[in-house]
Amino acid sequence: MLILVAKRLTAVVLILLALTAVLFALEQTSTSDPIKTMLGPGASQALVAQKRAELGLDDPIAAQYARYVTDLVHGDLGTSYRTRRAVSADIATFLPATLELALFGLVTAVLLAVAFAVATTLRWPGAGAFRLLLMVGASAPAFLLAIGGIVVFYRELGWLPATGRTDFVDAPTGPTGLLTVDALVHGRPAVLGDALQHLLLPGLAIAVGPAVSIGRVLRSSLVTTLRTDYTRTARAKGLREVEVMRKHVLRNSIGPALSMTGLQVGLMFAGVLVVELIFAWPGLGQYTAQSIPVDDFPAIAGVMLLLGVAYVLINTVVDLLQAAADPRIEA
Amino acid sequence: MRAPLAPPTTALVAEVVDLHVGFTRNGRQVEAVRGLDLQVRAGEVLGLVGESGSGKSVLSLALLGLLPEASQPRTRGVVRVAGIDMLTASPQVRRQVRRDTLGAVFQDPMTSLNPTMRIGRQVAEAAGSGAEALRLLRAVGIPDPERRLGSFPHELSGGLRQRVMIAMAVAGHPALVVADEPTTALDVTVQAQVLALVRRLRDDIGCSVLLITHDLGVAAQVADRVAVMYAGRLAEVGPTAAVLQAPSHPYTVGLMKSRLSLTTDRHRPVQALRGGAPDPADVPPGCGYAPRCPLAMDPCSQTVPDPLPVGTSAHLRACLAEPSRVQDLALTAAPVTAATAVPAQRVDAGWAARVGGIEKTFRVKAGRGRKATLSALRRVSLDVREGESVAIVGESGSGKSTLLRVLAGLEQHERGEVELGRGGRPQMVFQDAGASLTPWLTVGELLDERLRTEGLPRQERRTRALAALAKVGLPEAVYGARASELSGGQRQRVALARATVVPPEVLLCDEPTSALDVSLAATVLNLVQQLRRELGMAVVFVTHDLSVARIVADRIAVMYLGRIVELGDAEEVIRSPKHPYTKALLAAVPDFGVAPPALKGEPASPLSPPTGCAFHPRCPLAVPDCAQPSLDVGLERLRVGADLLLDADSRRVACIRPKEL
Ligand SMILES: Nc1ncnc2c1ncn2[C@@H]1O[C@H](COP(=O)(O)OP(=O)(O)O)[C@@H](O)[C@H]1O
Ligand code: SF4
Ligand code: SF4
Ligand SMILES: [Mg+2]
Numbered sequence: 273m274l275i276l277v278a279k280r281l282t283a284v285v286l287i288l289l290a291l292t293a294v295l296f297a298l299e300q301t302s303t304s305d306p307i308k309t310m311l312g313p314g315a316s317q318a319l320v321a322q323k324r325a326e327l328g329l330d331d332p333i334a335a336q337y338a339r340y341v342t343d344l345v346h347g348d349l350g351t352s353y354r355t356r357r358a359v360s361a362d363i364a365t366f367l368p369a370t371l372e373l374a375l376f377g378l379v380t381a382v383l384l385a386v387a388f389a390v391a392t393t394l395r396w397p398g399a400g401a402f403r404l405l406l407m408v409g410a411s412a413p414a415f416l417l418a419i420g421g422i423v424v425f426y427r428e429l430g431w432l433p434a435t436g437r438t439d440f441v442d443a444p445t446g447p448t449g450l451l452t453v454d455a456l457v458h459g460r461p462a463v464l465g466d467a468l469q470h471l472l473l474p475g476l477a478i479a480v481g482p483a484v485s486i487g488r489v490l491r492s493s494l495v496t497t498l499r500t501d502y503t504r505t506a507r508a509k510g511l512r513e514v515e516v517m518r519k520h521v522l523r524n525s526i527g528p529a530l531s532m533t534g535l536q537v538g539l540m541f542a543g544v545l546v547v548e549l550i551f552a553w554p555g556l557g558q559y560t561a562q563s564i565p566v567d568d569f570p571a572i573a574g575v576m577l578l579l580g581v582a583y584v585l586i587n588t589v590v591d592l593l594q595a596a597a598d599p600r601i602e603a
Numbered sequence: 004m005r006a007p008l009a010p011p012t013t014a015l016v017a018e019v020v021d022l023h024v025g026f027t028r029n030g031r032q033v034e035a036v037r038g039l040d041l042q043v044r045a046g047e048v049l050g051l052v053g054e055s056g057s058g059k060s061v062l063s064l065a066l067l068g069l070l071p072e073a074s075q076p077r078t079r080g081v082v083r084v085a086g087i088d089m090l091t092a093s094p095q096v097r098r099q100v101r102r103d104t105l106g107a108v109f110q111d112p113m114t115s116l117n118p119t120m121r122i123g124r125q126v127a128e129a130a131g132s133g134a135e136a137l138r139l140l141r142a143v144g145i146p147d148p149e150r151r152l153g154s155f156p157h158e159l160s161g162g163l164r165q166r167v168m169i170a171m172a173v174a175g176h177p178a179l180v181v182a183d184e185p186t187t188a189l190d191v192t193v194q195a196q197v198l199a200l201v202r203r204l205r206d207d208i209g210c211s212v213l214l215i216t217h218d219l220g221v222a223a224q225v226a227d228r229v230a231v232m233y234a235g236r237l238a239e240v241g242p243t244a245a246v247l248q249a250p251s252h253p254y255t256v257g258l259m260k261s262r263l264s265l266t267t268d269r270h271r272p273v274q275a276l277r278g279g280a281p282d283p284a285d286v287p288p289g290c291g292y293a294p295r296c297p298l299a300m301d302p303c304s305q306t307v308p309d310p311l312p313v314g315t316s317a318h319l320r321a322c323l324a325e326p327s328r329v330q331d332l333a334l335t336a337a338p339v340t341a342a343t344a345v346p347a348q349r350v351d352a353g354w355a356a357r358v359g360g361i362e363k364t365f366r367v368k369a370g371r372g373r374k375a376t377l378s379a380l381r382r383v384s385l386d387v388r389e390g391e392s393v394a395i396v397g398e399s400g401s402g403k404s405t406l407l408r409v410l411a412g413l414e415q416h417e418r419g420e421v422e423l424g425r426g427g428r429p430q431m432v433f434q435d436a437g438a439s440l441t442p443w444l445t446v447g448e449l450l451d452e453r454l455r456t457e458g459l460p461r462q463e464r465r466t467r468a469l470a471a472l473a474k475v476g477l478p479e480a481v482y483g484a485r486a487s488e489l490s491g492g493q494r495q496r497v498a499l500a501r502a503t504v505v506p507p508e509v510l511l512c513d514e515p516t517s518a519l520d521v522s523l524a525a526t527v528l529n530l531v532q533q534l535r536r537e538l539g540m541a542v543v544f545v546t547h548d549l550s551v552a553r554i555v556a557d558r559i560a561v562m563y564l565g566r567i568v569e570l571g572d573a574e575e576v577i578r579s580p581k582h583p584y585t586k587a588l589l590a591a592v593p594d595f596g597v598a599p600p601a602l603k604g605e606p607a608s609p610l611s612p613p614t615g616c617a618f619h620p621r622c623p624l625a626v627p628d629c630a631q632p633s634l635d636v637g638l639e640r641l642r643v644g645a646d647l648l649l650d651a652d653s654r655r656v657a658c659i660r661p662k663e664l
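Protein chains in written order, with the numbering used here: chain A, 273 to 603; chain B, 4 to 664.
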């Protein structure tokens, strides 16, 4: 297991290096001129030249790349052209909101997927209707779901809020930045309830698609596992059906579903960024949306790098979970 | 000994009355069991025998109350266990019966244990506690049981895994253990151990055992009574001795005659049951065996025979023919015809293939991310003469298939030479013919592929292909079929046709019959013999079955842990084996006699072959010298002092104690 962890971590480092190389290459070949973006179109030749030298833009490419990576390692993602703050500081500001939404979406997706798979496999009553509802939901893209959700649950029914993270102006902002957690820490159940209400629509909008993908994979692997000889052995022992399910079937079925979850996380990032715009969610989606029109390359690259790291780390965790679940998986 | 001949009034632990089980498969009605009556008496071992598809497994699942719901079984009749009808009782009640009264052992110990749960927990689930699990593992003879509690199934050998299954089956003192082909997936020496264990546990615990097997020889060894099933009905049932000595149903006679044993006449074609195994989707009216029965008469196609007593009330048969006609059938043998006798090998023949000093290792995963070296072949030398047939026998993991693959050029070896005669590359036939035939190609295209290498014109290729199909007994229609549309026996024939359509000098066969039913196996063996005779090929035939080896081969090479330990004339090796391992292997072959003495210990792992003579941990003749790391036992002619022993010019044995052999 230790060797497996070491191997996976080496792979992570290599993938991230590749990612930085891609980002760096993009920056080099980008048509927009960072100096112009910074100094404005009217800057003098001399000023531009001085700024270029200052930023090291005249150094050899290799040296520039080395500096870029070294800075990254030290947590320096550069300075945003737009906000003129360190990109890392900007990200620290906007990340918690996105993180909270993404985590909420992921947990919801997994719960929906398990319910979907178990209910349809064991033919629970109501499984058909539940399945239909999910499938219809999953056939629409996240932004349509989001808009539909707003129309129905905010405008028509008025049950749920449609913008932002909270209605409380005095909502706590620390220590974690995750509003639900901070509300608990500060002992404010009203804020917690309100935050969950705000999370519900955007969270569902990003969760339904992945839920169906994960659920389908889990379902088919449940069906396969239920037909295995060892499930028959478990029944032949006279175990209760819940025990058979819990101890023998689920454990042996989660492998493929875990892989699928890892893949879906990437798609969910895309969903989060779009859905944030629709719900005016103060997260990285907003930040990126504002950075793109002004060619704020360091900001965009910072967010991309962060998402890349998150994606790779999550999939590494998935691999390790799989190895833990199945003793036959070797390094 | 618990009442093997007990009167029918003995307490019953299970009773099946007029059982019918049907499924719907691909829209077709499948009648798996069609009116079966059977009783399992307290404390008895009841052997249930029949070819695949005869409904044995469906019966066992019905007894366990575990008929697959997904296949929507339709049932009629009664299956009573501990006073409960397992067909109609609620799921909770059936579960309780499984828990308290029943135990189950299934065919494949590899897939029947949960791969992600430790052995100890799996046994404890059935046993109730960890301490009881440990006691059970010890009781079924698992070495070092404390350590094994923490093992996962894939870390155990097949024999140990089946012992674990048995431990779970006998947990909680069941009244009946249902064992469905518990030894089919195991090597003969391990099979003998497991059968001995089943019998011992029955004696200790006093439970009944329903032992399902396709091999009459296995049932003969441990069963008090034998029931023979055909096409979902009972053909015959009675005390083991009565059924074996006076079989009174033509199907039982057919099974016994098509069964290869160490005394089967080598100079006749192996007797095969006519036709294929029963197809439960297409059962004839009347007696199900009629299409294959040599005694079939007019009434047989209309009247379904019921089991009626023959002589003693304990022996029942379901057949319309006179018992005397069945007895006559048992006494007739297939005629020897000049065309079928296999020619004796030519003594002056040159060699067709030879390997010398072959060494082959594999790098394998050894757990926890470590790699280990597995010695598959350890300096193996063998000459195959022109037109000769050599059988390589040994348990799984002994290196038989690897040697064959080296010969075929499919595997790189580290040291030693492979030389082929004039004929060029040998052709190969595998155990799983289905998997070795490209699924999207038709049989015609498969054969054409081989013929194109000969540069023949298209029309001639077709003619040759059809001729090859005819030679293996397949109709022309097969030319356009794909592998998935063929039965197992047909696929094996296609594989043989492909291998011989351009006759090779050497034909390599890797267990081509071990996945087939007795009757199919017999026809494939006959076919190999016939092709060999007609095409003058040499054949190297890998098998774990000594009776098969004796039939097909002129010479037998016995392998143990990557070495040939004995080599000699087939008949001679079987008649008077010399090497202790050959002796053990022969003793473990199940037959209609008494139970064989089980060889101690598990086959050692090729990951760490024992030092010196690798057989020493299991060898009854071993002396301390046998374990010497510096000892290198080569294959030697048998001699005592300066004298060569009988038939020593052909016999070679790897043992340092030739005098004692
Ligand atoms: N779940 C199932 N669905 C459809 N057909 C089945 C099912 N189980 C068994 N059968 C069919 O019933 C017949 C008898 O099968 P089985 O009891 O497994 O025979 P045996 O154990 O004697 O080889 C076979 O043709 C088999 O294909
Ligand atoms: S009833 Fe007829 S067909 Fe059936 S086994 Fe007897 S003789 Fe053969
Ligand atoms: S060398 Fe020793 S251990 Fe090996 S077979 Fe001969 S007597 Fe047995
Ligand atoms: Mg079966």
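Heads up, the beta-carbon is just placed ideally off N, CA and C, and yes, glycines get one too.
- Beta-bridge partners assigned by DSSP to Lys-662 (chain B): none are found.
- In terms of Cβ geometry, Ser-304 (chain B) and Pro-287 (chain B) form a close pair [threshold 8 Å].
- Nearest CB-CB separation between Thr-114 (chain B) and chain A: below the 8 Å threshold.
- Excluding five sequence positions before and after Arg-121 (chain B), the CB atoms of its chain that fall closer than 8 Å to its own CB belong to Leu-152, Gly-153, Ser-154 and Phe-155, given in chain order.
- Taking the beta carbon of Asp-591 (chain A) as reference, no residue of chain B falls within 7 Å; the closest one sits roughly 14 Å away.
- Just so you know, the alpha carbons of Leu-593 (chain A) and Leu-62 (chain B) end up roughly 40 Å apart.
- Going by DSSP, Ala-394 (chain B) is part of the beta strand (DSSP E) stretching over 392-396.
- Relative to the non-hydrogen atoms of ligand 3, the Cβ of Val-561 (chain B) never comes closer than 7 Å to any of them.
- Per the DSSP secondary-structure output, Glu-448 (chain B) pairs with nothing in a beta bridge.
- As the crow flies, the alpha-carbon of Ala-560 (chain B) is around 11 Å from that of Pro-580 (chain B).
- Considering only beta carbons, the part of the region 493-510 of chain A lying closer than 9 Å to chain B consists of Val-495, Leu-498, Arg-499, Thr-500, Asp-501, Tyr-502, Thr-503, Arg-504, Thr-505, Ala-506, Arg-507, Ala-508, Lys-509 and Gly-510, in chain order.
- With respect to Gly-534 (chain A), Val-546 (chain A) sits apart: the two C-beta atoms are not nearer than 8 Å.
- The C-beta distance from Ser-261 (chain B) to Ser-522 (chain B) rounds to 5 Å, short enough to fall under 8 Å.
- Under the Cβ criterion of 8 Å, Asp-331 (chain A) is not counted among the residues facing chain B.
- The beta carbon of Ala-129 (chain B) falls within 8 Å of a beta carbon belonging to chain A, placing the residue at that interface.
- The beta-bridge partner set that DSSP reports for Trp-354 (chain B) consists of B:Arg-388.
- Distance between Val-96 (chain B) and Leu-511 (chain A), taken at the CA atoms: about 12 Å.
- With a cut-off of 8 Å on Cβ pairs, the region 382-395 of chain A is in contact with the region 488-496 of chain A, counting three or more such pairs.
- For Tyr-337 (chain A), the uninterrupted alpha helix (DSSP H) run begins and ends at 333-345, by DSSP.
- It is roughly 53 Å from the alpha-carbon of Leu-140 (chain B) to the alpha-carbon of Leu-468 (chain A).
- In this structure, the alpha-carbon of Ala-249 (chain B) lies about 21 Å from that of Asp-40 (chain B).
- Looking only at A:Ile-526, A:Leu-344 and A:Arg-357, the smallest Cα-Cα distance to Phe-296 (chain A) is reached by A:Leu-344.
- Short note on His-270 (chain B): C-beta not closer than 7 Å to any heavy atom of ligand 2.
- Between the C-alpha atoms of Gln-224 (chain B) and Val-231 (chain B) there is a straight-line separation of about 15 Å.
- In the structure shown, Val-441 (chain A) falls within a coil segment according to DSSP collapsed to helix, strand and coil.
- Under the Cβ criterion of 8 Å, Ala-597 (chain A) is counted among the residues facing chain B.
- One residue list follows from the rule of a beta carbon closer than 5 Å to any heavy atom of ligand 3, given in chain order as B:Pro-583, B:Cys-616, B:Phe-618, B:His-619, B:Cys-622, B:Leu-624, B:Ala-625, B:Cys-629, B:Cys-658, B:Ile-659 and B:Arg-660.
- In this structure, DSSP gives Asp-513 (chain B) an extended state, which the three-state scheme calls strand.
- For Arg-488 (chain A), not one C-beta of chain B is nearer than 8 Å to its own C-beta.
- For Arg-356 (chain A), the closest Cβ of chain B is not nearer than 8 Å.
- Residue pairing by DSSP places Tyr-563 (chain B) opposite B:Arg-566 in a beta bridge.
- In this structure, Gly-80 (chain B) places its C-beta atom within 8 Å of the C-beta atom of Val-20 (chain B).
- Counting only residues of its own chain and dropping the five nearest sequence neighbours on each side, Leu-413 (chain B) has a CB closer than 8 Å to the CB of Met-431.
- Apart from sequence neighbours up to five positions away, the residues of its chain that approach Ala-381 (chain A) with a beta-carbon distance below 6 Å are Ala-479, Pro-482 and Ala-483, ordered along the chain.
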